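Presented below is the structure to which this report refers.
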Amino acid sequence: MNDIFANIYLWFEGFYGSSLSEYLWGYNCATEDYSNPQIFKQVGLMMSGISLGIALVYYYVINHPEFAQFRHWFIMLIITAVINLFAGWGWVYSGFINGEIGDCVMYAREASGSIISQLIYASDCWMFGVANAIVSIGFFCIFSLIVKWKSSNAGHSPF
Amino acid sequence: MNKVFKTLIIACAGMTILLSGCKGPGNSGPGNSSPVNIVEPAPEAIETIEAIEAINVYIENSGSMDGYVNGVTEFEQTIYSYLTDIDISNITDNLNLFYINSKIIPFGSNVRDFIENLEPATFKQRGGNRGTSDIANVIDSVLSNTKKNTVSILITDGIFSPGKNIDADQYLVSQKTTIRGNVVKYLEHNANAAIIVYRLSSNFNGIYYNKIDARSNINEQRPYYIWVIGDAGQLNELRRKAPDSKFIGGGVKNVFSVSAGNRTVNYAVKQGSGEFKLDRQDPKKTILKWKKDSKGKTSGMAKFSVNANLSGFLLDNDCLLDESSYRLNDNDFDLNITPATGNQSGYTHSINLSTAILKKNFAVSVKLLIKIPQWIEDVNDDDGSEAVADKTYGIKYQIQGVYEAFTYKNDCYTEIKINIK
Chain B
1248 MNDIFANIYL WFEGFYGSSL SEYLWGYNCA TEDYSNPQIF KQVGLMMSGI
1298 SLGIALVYYY VINHPEFAQF RHWFIMLIIT AVINLFAGWG WVYSGFINGE
1348 IGDCVMYARE ASGSIISQLI YASDCWMFGV ANAIVSIGFF CIFSLIVKWK
1398 SSNAGHSPF
Chain G
-17 MNKVFKTLII ACAGMTILLS GCKGPGNSGP GNSSPVNIVE PAPEAIETIE
33 AIEAINVYIE NSGSMDGYVN GVTEFEQTIY SYLTDIDISN ITDNLNLFYI
83 NSKIIPFGSN VRDFIENLEP ATFKQRGGNR GTSDIANVID SVLSNTKKNT
133 VSILITDGIF SPGKNIDADQ YLVSQKTTIR GNVVKYLEHN ANAAIIVYRL
183 SSNFNGIYYN KIDARSNINE QRPYYIWVIG DAGQLNELRR KAPDSKFIGG
233 GVKNVFSVSA GNRTVNYAVK QGSGEFKLDR QDPKKTILKW KKDSKGKTSG
283 MAKFSVNANL SGFLLDNDCL LDESSYRLND NDFDLNITPA TGNQSGYTHS
333 INLSTAILKK NFAVSVKLLI KIPQWIEDVN DDDGSEAVAD KTYGIKYQIQ
383 GVYEAFTYKN DCYTEIKINI K
């Protein structure tokens, strides 16, 4: 249960790379175990909250008969995805630029200590944002199906 | 409807900006854009070593040692310097000096007096049976007096003297067996014991006694040995305060060291050292989804490295970096050892493994072996008829006796095991 978000994000590991994945799992270079906070879980909870929040806004705050077609629901879906793209990117990128990503997952080094190659780039943070956006699309669909029933005007949306 | 849209767009833009800079709990850290690991370092592992209560120094004063103390010699200068370094290091409050042959003769604690009195006449005056060198007996006497928190230093020419009418070959084997038995008994009460043997060289001007006690006058360089016996942690500390590099004169020519084996050391698979995932339940010792490298110099090979702390064995770096010091449980693996760098866990060496044959559901084992270095064989004189430059009659039997005692129950210092799933 603890790893449910991580296992979902891992379907898209090819987008953002295995090195960033280790950081997001919470790998601690100093203790060589996964004792750092698991960022997959943190981002997953945030993504779920955003997706649920936007679904609730659509069905119970906006809840307008002129905004209850499939295309309107789709607009909300896109908004969810865009917000989660930036949210996912922002969360990981702040760790990237603040030097919070452990050296052992950030760089491959020679035995002498000199850097062979950098393993995580800013573009990987963007790709994690993309992965977060894709996952949020799925969550938004699921939340829509769960919460829509009591909506007086939009309950038939998306279908 | 337009109002709804406008409200929505403004709300979304605001949320996007807000969440882009959002950080969760536990993600905060100091700002740092340079490529350095700033995750809070693991606390330094501090090994608790008890203080050395006494260091007892024994100089063998059998007749064969006279040539080392005839006049002012490198032997005297080197011993004086070494003992002074120990004395001023404050590693112990009790530095006790003795002569030793068939019995132990105390001298006191004044290093300068001790050295100034190192002359053949004084050696003779101190007494004991100077006519033979029963090395096994000397070592046994030293071991018996090496109590808990005591370090013993024995200075000897290391030459066996079986005497006339004794089968020399049988004598050497017998001495080896006796040494082995005595060291095993010592280890039973001192599980963390270690022995270091330094080989040095000095000018020797005096009578050389061969294996049948025939005499010859020589004036040439001859080897001598300093044995250091005690707890491994305390010997490590002594070596740190009076390092090998500080021996004056010609310095230490060779070192043999051995400590109790079958110990656990701190080790972990090195993140990013190959194409694999770490098992989150056991990230230090288990790898999953191991694959061959697809690019670069190691394309087609599957590899990983293990960082380990091998500092506790009194072995020098040449030995630890030598692949022949290790034994793998699978010949399909290639092994290479390099110094460990850039880690905060006190690792000293990286054990680099690679193979062209991928294995799964397998445990690869690397054992650091207890070995006798080649130099022992190189400096051993098997004949004993005359003084051979740089060689010592029967020295390998003494070392073999010690080696067999330490490997009585197992032949490796430690084993590193990595599971491949």
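Chains as they are written, first to last, in this note's numbering: chain B, 1248 to 1406; chain G, -17 to 403. All residues carry an ideal CB built from backbone N, CA and C; glycine is no exception. Treat the numbers as computed from the prediction; the structure is a model and nothing was measured.
Item                                                                                                                                      : Value
Nearest-angstrom Cβ-Cβ length linking B/Val1352 and B/Tyr1256, presumed shorter than 8 Å                                                  : About 16 Å; that fails the 8 Å criterion.
Contact the segment 173 to 182 of chain G vs the segment 80 to 97 of chain G: 3+ CB pairs below 8 Å                                       : no
CB-CB length for G/Asp213 against G/Asn174, believed under 8 Å                                                                            : 5 Å
Selection of the segment 250 to 283 of chain G by Cβ proximity to chain B, strictly under 7 Å                                             : Ala250, Gln253, Gly254, Arg262, Pro265 and Lys266
Positions along the segment 1343 to 1373 of chain B whose CB lies within less than 7 Å of some CB in chain G                              : Ile1344, Asn1345, Gly1346, Glu1347, Gly1349, Asp1350, Cys1351, Val1352, Met1353, Tyr1354, Ala1355, Arg1356, Ala1358, Ser1359, Gly1360, Ile1362 and Leu1366
Chain-ordered neighbours of G/Thr246 on chain B, where CB pairs are closer than 7 Å                                                       : Neighbours of G/Thr246 on chain B: none; closest Cβ ~16 Å, over 7 Å.
Interface positions of the segment 1263 to 1276 of chain B facing chain G (Cβ-Cβ less than 8 Å), listed along the chain                   : Ser1265, Ser1266, Glu1269, Trp1272, Tyr1274, Asn1275 and Cys1276
Endpoints, beta strand (DSSP E) assigned at G/Phe238                                                                                      : Asn236 to Ser241
Partner residues on chain G for B/Tyr1281, Cβ-Cβ distance less than 7 Å                                                                   : Arg262 and Pro265
Identity of the residue in G/Asp69, G/Glu42 and G/Ile148 nearest G/Phe105 by Cα                                                           : G/Glu42
Opposing strand residues paired with G/Tyr206 [DSSP bridges]                                                                              : G/Leu182
C-beta atoms of G/Val346 and G/Asn311 nearer than 8 Å                                                                                     : yes
Residues that G/Thr396 bridges to, as DSSP identifies them                                                                                : G/Leu350
CA-to-CA distance, G/Leu351 to G/Val51, given in whole angstroms                                                                          : 38 Å
CA-to-CA distance, G/Glu368 to G/Ser226, given in whole angstroms                                                                         : Per the sequence shown, residue 226 of chain G should be read as Asp rather than Ser. Cα-Cα distance, rounded: 30 Å.
Opening and closing residue of the beta strand (DSSP E) in which G/Thr60 lies                                                             : From DSSP, G/Thr60 is part of no beta strand (DSSP E) but of the alpha helix (DSSP H) over Glu56 to Ile70.
Exposure of G/Pro12, with buried meaning 16 or more beta-carbon neighbours within 10 Å                                                    : Interpretation of G/Pro12 is limited by its pLDDT of 29, a score under 50 that renders its predicted location unreliable; no figure is taken from the coordinates.
Close beta carbons around G/Tyr191, own chain, < 7 Å, minus the five adjacent residues each side                                          : Gly45, Ser46, Ser143 and Arg197
Contact check, G/Leu317 vs G/Lys274, beta carbons under 8 Å                                                                               : no
Residue of B/Val1339, B/Ile1363 and B/Ile1367 minimising C-alpha distance to B/Gln1450                                                    : The requested residue 1450 of chain B is not part of the displayed model; chain B covers only 1248 to 1406.
Distance CB(B/Pro1279)-CB(G/Ala250) smaller than 8 Å                                                                                      : With the sequence shown as reference, residue 1279 of chain B is identified as Glu, and Pro is not the correct amino acid for it. Yes.
Where G/Pro102 falls: helix, strand or coil (DSSP)                                                                                        : helix
Validate contact between the segment 1365 to 1373 of chain B and the segment 1315 to 1329 of chain B using beta carbons, cut 8 Å, 3 pairs : no
Cα-Cα separation, B/Trp1396 to B/Gly1402                                                                                                  : 5 Å
Cβ pair G/Asp48, G/Gly188 closer than 8 Å                                                                                                 : yes
6 Å Cβ shell around G/Ile135 - same chain, five flanking residues per side excluded                                                       : Val39 and Val210
Inter-residue Cα distance where the pair is B/Trp1373 and G/Val247                                                                        : 41 Å
Expected contact under 8 Å - CB spacing of B/Asn1400 and B/Ala1302 to nearest Å                                                           : That pair is no contact at about 15 Å.
Span of the alpha helix (DSSP H) around B/Leu1332                                                                                         : Phe1317 to Ile1344
Buried or exposed by the 16-neighbour rule on C-beta atoms within 10 Å, applied to G/Thr132                                               : buried
Spatial distance of G/Ile354 from G/Val124 (CA atoms)                                                                                     : 22 Å
With 16 other Cβ atoms within 10 Å as the buried cut-off, status of G/Glu58                                                               : buried
Burial state of G/Ser65 (16 or more Cβ within 10 Å)                                                                                       : Before going further, note that residue 65 of chain G is Leu rather than Ser in the sequence given. So G/Leu65 ends up on the buried side.
Identity of the residues DSSP links to G/Phe286 by a beta bridge                                                                          : G/Leu335
Supposed close pair G/Lys235, G/Tyr375 - CB separation, criterion 8 Å                                                                     : About 17 Å; that fails the 8 Å criterion.
Distance between G/Ala176 and G/Leu217 (C-alpha atoms, nearest Å)                                                                         : 7 Å
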